[in-house]
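Asks:
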Amino acid sequence: MTRNVRWSSALRTTIGLVGLLIAHAALADGQSSYDDCMLSGLRDARNEAASNYIQRSCYALYRNGEMLLPREKAYHECILQNMPGAREPSAISRIAQICSRRGQM
Numbered sequence: 175m176t177r178n179v180r181w182s183s184a185l186r187t188t189i190g191l192v193g194l195l196i197a198h199a200a201l202a203d204g205q206s207s208y209d210d211c212m213l214s215g216l217r218d219a220r221n222e223a224a225s226n227y228i229q230r231s232c233y234a235l236y237r238n239g240e241m242l243l244p245r246e247k248a249y250h251e252c253i254l255q256n257m258p259g260a261r262e263p264s265a266i267s268r269i270a271q272i273c274s275r276r277g278q279m
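Take 175 as the starting number for the sequence shown in the working numbering and just add one per residue.
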């Protein structure tokens, strides 16, 4: 009886450790993707407002992506594709409006 209890305990511990390793690998990959998004988007940022949009979209997609609805994902992808390099406040505002319409936000 105690032999089965030891075996069961060892099995649970092993499964738990494997789960932690998998979760750590997934989090590390998520961090890398988030960092890549930030580096890529902010490299060409020309305005603080544009930088803020880019940062929020990277966060939403790579830190909170599992929780996003398809329309939210479309909005953030549109922002990341079109916001870097925007300089003028009017252009930034227009890009945000168009992405919002495309994402039906």
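Every residue gets a Cβ at the ideal spot worked out from N, C-alpha and C, and that includes glycine.
1) Under the rule that 16 or more other beta-carbon atoms within 10 Å means buried, what is Arg268, buried or exposed?
2) Determine the contact status of Leu226 and Ala260, defining contact as a CB-CB distance below 8 Å.
3) Give me the Cβ distance between Tyr249 and Arg276, rounded to the nearest whole Å; I'm assuming they're in contact under 8 Å.
4) So Leu235 packs on Cys211, CB below 8 Å; how close in whole Å?
5) Within a Cβ cutoff of 8 Å, which residues of the same chain sit near Met241, ignoring the five residues on either side of it in sequence?
6) Assuming Ile253 and Ile228 form a contact by the criterion Cβ under 8 Å, report the distance between their Cβ atoms to the nearest whole angstrom.
7) When the Cα atoms are used, what is the spatial distance from Glu262 to Gln271?
Replies: In this structure, then:
1) It is exposed - the Cβ of Arg268 has fewer than 16 other Cβ atoms within 10 Å.
2) In the sequence under discussion, the amino acid at residue 226 is Asn, which differs from the Leu named in the question. Cβ distance not < 8 Å, so Asn226 and Ala260 don't count as in contact.
3) Right, the Cβ-Cβ distance comes to about 7 Å (below 8 Å), so this counts as a contact.
4) The pair is a contact, with the Cβ atoms about 7 Å apart (cut-off 8 Å).
5) Excluding five sequence positions before and after Met241, none of the CB atoms of its chain fall closer than 8 Å to its own CB.
6) Ile253 to Ile228, Cβ: 7 Å. Contact.
7) So the two alpha carbons sit approximately 14 Å from each other.
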